[in-house]
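Participant: So that we are looking at the same thing, I have put the structure below in structure tokens.
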């Protein structure tokens, strides 16, 4: 039987935007519906999961073809939502902690992990909470979170403090470009209706240069940057190293 822990800590932090938390709390029941409101994340999951696995294996000297290549690595999934990333990473052997400022998300994630017999430490808290407690991890994941926080620099600083020396952070977010406005806002929310209207605010999107500067100020070094592009013919996402116009990911490292 899975021993899924739920911890509740203070969530008053400069980076937390109550309106954004309320927005995702209202959609929380749909996390595990592959055809529901979070369908885009379900479609996005394979490419980002493969990226995380391969980059962590490369950094920590693991074989990505092994059944549990992340065994023994302590990973933190900030803004874990219903656990769409935490669960497959736990199956790859990682010692997972999932963090979310929306309590309902944590309840749903913990219930689903228990049903799946996965041991994941889910916490209703913020990055600032864990940083204040002195927690550190081999890898910190900030996937599709930065564009929803109130204070990006404060959030990046707290997140970076959670990366142990020699560890890494992976950030995925949206670029602030005319192309991203057309595709991620007009296309995804109004034309194709992949996401509920208002899921994203274009002004909150973060340019790669801005994100890189914030990570460097927080003491991390940029190791890699890649775009992620959607192919409508195959209905699949793929890495696109030269196309950072809309979705992109950054791999950052903390020196030993």
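Numbering (the numbering used here), first residue to last: 143 to 398.
Beta carbons: idealized from backbone N, C-alpha and C, even for Gly.
1) What first and last residue would you give for the beta strand (DSSP E) that runs through residue 389?
2) Using 8 Å as the Cβ pair cut-off and three pairs as the minimum, do the region 250-259 and the region 215-233 touch?
3) Buried or exposed for residue 328, going by 16 or more other Cβ atoms inside 10 Å?
4) Need the endpoints of the alpha helix (DSSP H) that residue 254 sits in, please.
5) From the DSSP secondary-structure annotation, give me the bridge partner or partners of residue 187.
6) Classify residue 212: buried if its beta carbon has 16 or more other beta carbons within 10 angstroms, exposed otherwise.
7) Compute the beta-carbon to beta-carbon distance between residue 241 and residue 272, rounded to the nearest angstrom, for a pair I have assumed lies under 8 Å.
8) Give the DSSP-derived three-state secondary structure of residue 340 in the structure shown.
9) Pick helix, strand or coil for residue 144, following the three-state DSSP scheme.
10) Between the beta-carbon of residue 279 and the beta-carbon of residue 305, is there less than 8 Å?
11) Is it true that the region 353-365 meets the region 173-188, where meeting means three or more beta-carbon pairs spaced less than 8 Å apart?
12) Helix, strand or coil for residue 281? Go by DSSP, reduced to three states.
Facilitator: On the basis of the supplied data:
1) What you label residue 389 is simply residue 247 of the chain shown in a count that begins at 1. Element bounds for residue 389: 389-395.
2) yes
3) Taking the chain shown and counting its residues from 1, one reaches residue 328 at position 186. The residue is exposed, with fewer than 16 neighbouring Cβ atoms inside 10 Å.
4) Locating residue 254 in the chain shown gives position 112, where the first residue counts as 1. Taken as a continuous stretch (DSSP letters only), the alpha helix (DSSP H) holding residue 254 covers 245-257.
5) Residue numbering aside, residue 187 sits at position 45 when the chain shown is read from its first letter. Looking at the DSSP assignment, residue 187 forms no beta bridge with any residue, so it has no partner.
6) The residue given as residue 212 occupies position 70 in the chain shown. Buried.
7) In the chain shown, the residue the question calls residue 241 occupies position 99. In the chain shown, the residue the question calls residue 272 occupies position 130. Yes, residue 241 and residue 272 are in contact; Cβ-Cβ is about 7 Å, under 8 Å.
8) Residue mapping note: residue 340 aligns to position 198 of the chain shown, counting from 1. Here residue 340 sits in coil by DSSP.
9) Here residue 144 corresponds to residue number 2 of the chain shown, with the count starting at 1. Confidence at residue 144 is low in this model, with a pLDDT of 37, below 50, so its placement is unreliable and no value can be given for it.
10) Here residue 279 is taken as the residue at index 137 of the chain shown, counted from 1. Here residue 305 is taken as the residue at index 163 of the chain shown, counted from 1. Closer than 8 Å, so yes.
11) Under the 8 Å Cβ criterion, the region 353-365 does not count as touching the region 173-188, having fewer than three qualifying pairs.
12) Here residue 281 refers to the residue found at position 139 when the chain shown is read from its first residue. Residue 281 falls in the strand class under three-state DSSP.
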